[in-house]
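Each residue of the sequence shown is one higher than the last, beginning at 1 in the UniProt record's numbering. The block underneath contains the structure these notes are about, expressed in structure tokens.
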Amino acid sequence: MSRMRSTPLKLSVVLIAVFTGFMTVGLAVAYALMHETLSADIDLRADQVIAELAAIPEEDERLERAGEIASAADPRALLIRFTLDGNTVANSPDLPDGVIHEDEVPLPEPTIADSYLVRHADLVPGVLMVGIGRDSLSELVETFVSILGFVLLPALTLTSAIGIVVVRRTTARVEAIRGTLHRLSEGELGARVCAPHSDTDLGDIGRDLDRMAEAQEAATGALRQIGADIAHDLRTPIQRVAVRLERLGDADLPGAARDLLDRAQTETAQIIATFQSLLQIAQLEGGQGRDGFGPVDLAALMHDMTEIYETSAEDAGTTLTLTIDDPLPVTGDRHLLSRLIANLIENALRHAPGTPIRLSLAGKVLTVADGGPGIPEGKRGIVLRRLARLEASRSTPGSGLGLAMVKAIADLHGADLTLGDAAPGLTVRVSFHA
Ligand SMILES: Nc1ncnc2c1ncn2[C@@H]1O[C@H](COP(=O)(O)OP(=O)(O)OP(=O)(O)O)[C@@H](O)[C@H]1O
Ligand SMILES: [Mg+2]
């Protein structure tokens, strides 16, 4: 699943984006408001100095007061220069109007502010220059940078980290549920989510899904049992019918009747074979068959099977090749294992007619591949069920039990069965663990 399709991921990204957006806008608005207030305050302080001197009517007193202010002023906060009738009192050289940066103020560096707001006023008589230190504004910037660095960035990092953990966890849960659904729909009835015990909704969904799968498996098991029971109960009567038909064959019959009898015998044989297979699969699934286990040389067995089917392949106009890379001694039932190989070869002959059949044994994996139409991915689980046949095979003989038998035999031997794409054709892999 592509990560961007994950709902929790999208939600986390949106939440973090909204959070960051709000914080940034909030901080920006707070900064703008505080900046305005501080600027207004600086303006006011300049106005106050101008107003104070302007309010003194006597020239001498005005000059004297300006001198007091200049000698008392901390140049960091206030620069002042007053000139009246050629006399100047000042703690600063003359500076132009406006916002002046510290580089433009010819005073020793550590005693001055980062910048000043400079105003000139003509007090008639007398010319006044006032510079108000703007350190409060630089401090404001520093404060906001600190808020950004110590609050916003850690908050963002933390929320992102939490987001990632939550997304990972939820994605894993969703993946587990999706995977289980996929396996169930492929026919693997034993698939379960096994959600850990927690009170999240996804955990609940997982447990509900497991309960549903449990019920489905039980129902399928019951059906299977009914199937086996029916096969079991009908086998004896149908065998009796076969025996009677055989006896009928001994009688002297007209040509048309013999034809009908032949067909009836073929069909009863088919029915008996189907019942036999159904019963045998049920027995294998019940674990019966392990009694016959012994050492089997799988390479030699494949060699024998290839020889047996070589002529059938030739008759069908194709070839059967065997490649053995590694010998594989297994513990199993020789008869059942040859049945497994036979079913796969017969399927290739029947469902992929005229295409070369390749058998191989390498690294504990037995493979049978053909060059036919193959089985679409979505159907690979279904064909393993008993009596399942694909639409395309309706016209071929068979009862849809071959692969179910292969699966049951593989399971009995603890081997994994996988159907794959031979591009073109079907690859059946039986992976042994022995
Ligand atoms: N090699 C193959 N290539 C393409 N389709 C296949 C192949 N093997 C099996 N199938 C499909 O899977 C279905 C099930 O196979 P399975 O062997 O269980 O039954 P069958 O061959 O139809 O009958 P049976 O084996 O009982 O005589 C087949 O009907 C066919 O549609
Ligand atoms: Mg078959």
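We put the CB at the ideal spot given by N, CA and C, even for glycine.
To the nearest angstrom, how far is it from the Cα of MET1 to the Cα of GLU188? The predicted position of MET1 is uncertain, since its pLDDT is 46 and thus under 50; no value can be drawn from it.
From the DSSP output, read off the bridge partner residues of MET129. ARG81, HIS120
C-alpha distance - PRO93 paired with ASP60, whole-angstrom precision: 21 Å
So, for ARG385: in the same chain, excluding its five sequence neighbours on each side, which residues have a beta-carbon less than 7 Å away from its beta-carbon? Leaving aside the five residues that flank ARG385 on each side, the residues in its chain whose CB is nearer than 7 Å to its CB run, in chain order, GLY187, ALA404.
Rounded to whole angstroms, what's the CA-CA distance from LEU260 to GLU246? Just pull it up for me. 13 Å
Should VAL430 be counted as a contact of ligand 1 given a C-beta to heavy atom distance under 7 Å? no
Between LEU53 and ARG62, is the Cβ-Cβ spacing less than 8 Å? Yes, these two residues count as a Cβ contact at 8 Å.
Would VAL193 and ALA176 qualify as a contact pair, given that the criterion is a beta-carbon distance under 8 Å? yes
Per the DSSP calculation, HIS101 is bridged to which residue(s)? SER115
From ASP208 to LEU202, what distance separates their C-alpha atoms? 10 Å
Which residues mark the beginning and the end of the alpha helix (DSSP H) in which VAL167 is found? 153 to 185
Decide if the region 264 to 275 is in contact with the region 308 to 326; the criterion is three or more beta carbon pairs, one per stretch, under 8 Å apart. no
How should ARG380 be labelled, buried or exposed, when 16 other C-beta atoms within 10 angstroms of its C-beta is the threshold for buried? buried
Is PRO424 near ligand 1 - that is, is its Cβ less than 7 Å away from at least one heavy atom of it? no
Which of the three DSSP states is assigned to THR331 in this structure? strand
In chain order, what residues of the same chain lie with their CB nearer than 6 Å to the CB of PRO327, ignoring the 5 residues before and after it? In chain order, ALA299 place their CB closer than 6 Å to the CB of PRO327, counting only its own chain and leaving out the 5 sequence neighbours on each side.
Comparing the CB of GLU307 with every heavy atom of ligand 2, is any distance shorter than 7 Å? At a threshold of 7 Å, GLU307 does not count as near ligand 2, since its beta carbon sits no closer than that to any of the ligand's heavy atoms.
Is it buried or exposed for GLY363, if we count other Cβ within 10 angstroms and need 16 for buried? exposed
CB contact below 8 Å: ALA342 versus chain D: Within the model displayed, chain D is absent; a lone protein chain is all it includes.
Following the continuous alpha helix (DSSP H) through SER146, name the residue where it begins and the one where it ends. That run of the alpha helix (DSSP H) goes 135 to 147.
DSSP state of MET1, grouped into three classes? Note that MET1 has pLDDT 46, beneath the 50 cutoff, so the model's placement of it is unreliable and the number below is only indicative. Note: MET1 maps to coil in three-state DSSP.
Taking the beta strand (DSSP E) that VAL368 falls in, what are its first and last residues? 365 to 369
Please report the straight-line C-alpha distance between HIS413 and LEU322, rounded to a whole angstrom. Spanning the two alpha carbons is a distance of roughly 22 Å.
Relative to the C-alpha of ASP421, which candidate in SER399, ARG394, GLY400, GLY372 has its C-alpha closest? It is GLY372 whose Cα lies nearest to the Cα of ASP421.
Ligand 2 and LEU390: does any heavy atom of the ligand fall closer than 7 Å to the residue's C-beta? no
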